[in-house]
Amino acid sequence: MTIVRFRETRKSIIEILSNREMEVLLRLAKGESRKSISEQLGISVLTYDEHRKNIKQKLRLKTQADWASAIVLFRNTRSISIEKEIDK
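Numbering-wise (full-length UniProt numbering), the sequence shown opens with residue 1 and increments by one.
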């Protein structure tokens, strides 16, 4: 599974994903819904879907289990520094 790649460093996730994709992933990791995420970010649901698709491609997530693993790993390793990096 490709998930091992995420364990390298938190910084690598920041380098792989755009700021908006990181925001979407942070909110997914918090358990927010598709509709809630799009409303809070001021984007359409279709734009949210596009960001999610990009995350899936960039992190090479193929199954729902891959998504779940990525979110759990991200939730367990993310830090305030990542959230601050997004705000830049």
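Note that the Cβ used here is the ideal one computed from N, Cα and C, for glycine as well.
Inset, instruction - Answer yes or no: do L59 and I16 have a C-beta to C-beta separation smaller than 8 Å? - result: As a working mapping, residue 59 is identified with position 59 in the sequence shown. As a working mapping, residue 16 is identified with position 16 in the sequence shown. Yes, Cβ-Cβ distance for L59 and I16 is below 8 Å.
Inset, instruction - Assign A70 to buried or exposed, taking buried as 16 or more other Cβ atoms, counted over all protein chains shown, within 10 Å of its Cβ. - result: Stepping through the sequence shown from its first residue, residue 70 is reached at position 70. Under this definition A70 is a buried residue.
Inset, instruction - Evaluate L61 with the Cβ neighbour count: other Cβ atoms within 10 Å of its Cβ, from every protein chain shown; 16 or more gives buried, anything less gives exposed. - result: To locate residue 61, count along the sequence shown from 1; it is residue 61. Looking at its Cβ environment, which holds 16 or more other Cβ atoms inside 10 Å, L61 is buried.
Legend entry - Burial state of V45, where buried means 16 or more other Cβ atoms lie within 10 Å: Within the sequence shown, numbered from 1, the residue matching residue 45 stands at position 45. By the 10 Å Cβ count, V45 comes out exposed.
Inset, instruction - Note down the Cα distance separating L28 from Q57, rounded to an integer number of angstroms. - result: Your numbering for residue 28 matches position 28 in the sequence shown. Your numbering for residue 57 matches position 57 in the sequence shown. Taking the straight line from one Cα to the other gives about 16 Å.
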